[in-house]
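Residue numbers (UniProt numbering): 1 to 234.
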């Protein structure tokens, strides 16, 4: 009777031991997963796979808003300049910061209509997507690719405009330069985020330097500044 009771009580203990062992193995496997072992886990729970952090969304919306505002101002002043030959744009300051020369150049209507209209169409899209991302919305991959391709075109167009302003027109439009300044970081942050989030979606931790994209944008700013300084002030 005593032996039987000992045998009967031993079975649950064995089952419990097996359960504890299985749980320990599960915890061990979870602890060795790429995301769990990642130092400082850079992907908080609030980050959506092909979404973005709140900071990313806000930054994109703000940069887009600056670009939209400048595009609107340029469009209004270009309209006034076209209808009033005596109108002087507010960004015409001296012989170098000379919006009048830039706005009246053929390059200012590269596609047969005023260039800032492109900004009036494109930047609202950037702002809208930024607000959605800040709200935690997960965007389909084709939207991310669409934004990346659109910004790639914008960056290429900005470089073409910058070259013409510095070396062909030989005058600078401060409002246009603000648009240049917001386009480059929008492109860099989009590409970097897509690469990192794609790696995360595959379960591969990406521990790259988060300051590197900032350094790339700063290096671009410095390069453009040096070209302007060498052309106009050296």
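Backbone N, C-alpha and C fix where the C-beta goes; we use that ideal spot for every residue, glycine too.
Predicted model, so just to flag it, every value in this text is computed and none were measured.
- Keeping to the same chain, check which residues put their C-beta closer than 6 Å to that of residue 9; ignore five residues upstream and five downstream. Translated into positions along the chain shown, residue 9 becomes position 9. Only weak support exists for where residue 9 lies, its pLDDT of 47 falling under 50; the value from the coordinates is given anyway. For residue 9, where only same-chain residues beyond five positions count, there are no Cβ hits under 6 Å.
- Query: Nearest CA to the CA of residue 194: which residue from 127, 230, 142, 178?
  - Reply: By 1-based counting over the chain shown, the position of residue 194 is 194. Ranking the options by Cα distance to residue 194, first place goes to 142.
- Message: Quick check on this structure: which residue in 231, 168, 226 has the alpha carbon closest to the alpha carbon of residue 106?
- Response: Position 106 of the chain shown, counted from the start, is the residue given in the question as residue 106. When only C-alpha atoms are compared, the closest one is 168.
- Item | residue 134 classed as buried or exposed, judged by whether at least 16 other C-beta atoms fall within 10 angstroms | Here residue 134 refers to the residue found at position 134 of the chain shown. With at least 16 other beta carbons inside 10 angstroms of its own, residue 134 counts as buried.
- Task: Give the straight-line distance between the Cα atoms of residue 182 and residue 85, rounded to the nearest whole angstrom.
- Result: Position 182 of the chain shown holds residue 182. Position 85 of the chain shown holds residue 85. Roughly 31 Å between the two C-alpha positions.
- Are residue 127 and residue 71 closer than 9 Å when you measure CB to CB? For this step, residue 127 is matched to residue 127 along the chain shown. For this step, residue 71 is matched to residue 71 along the chain shown. Not a contact, by the Cβ cut-off of 9 Å.
- Item | CB-CB length for residue 150 against residue 112, believed under 8 Å | Start at 1 with the first residue of the chain shown, and residue 150 comes out as number 150. Start at 1 with the first residue of the chain shown, and residue 112 comes out as number 112. Rounded, the Cβ-Cβ distance is 20 Å, inconsistent with contact.
- Task: Return yes when the Cβ of residue 170 is within less than 9 Å of the Cβ of residue 115, no when it is not.
- Result: Residue 115 sits at position 115 when you count from the first residue of the chain shown. Residue 170 sits at position 170 when you count from the first residue of the chain shown. Going by C-beta atoms, residue 115 is not nearer than 9 Å to residue 170.
- Out of 197, 87, 223, 159, state which residue places its alpha-carbon closest to the alpha-carbon of residue 145. Residue 145 sits at position 145 when you count from the first residue of the chain shown. The shortest C-alpha separation from residue 145 is found at 197.
- Item | Contiguous alpha helix (DSSP H) assignments of at least 4 residues, all confined to the stretch 140 to 227 | 141 to 163, 174 to 201
- Alpha carbon to alpha carbon, what distance is there between residue 137 and residue 95? Against the chain shown, residue 95 aligns to sequence position 95. Against the chain shown, residue 137 aligns to sequence position 137. When rounded, the distance between both Cα atoms is 47 Å.
- Closest Cα partner of residue 110 within the set 125, 160, 88, 69: Along the chain shown, read from residue 1 onward, the residue named residue 110 stands at position 110. The shortest C-alpha separation from residue 110 is found at 160.
- Task: Use the C-beta contact count for residue 78: other C-beta atoms within 10 angstroms, 16 or more gives buried, fewer gives exposed.
- Result: On the chain shown, residue 78 is found 78 positions in, with the first residue counted as 1. The residue in question, residue 78, is buried, as its Cβ has 16 or more Cβ neighbours within 10 Å.
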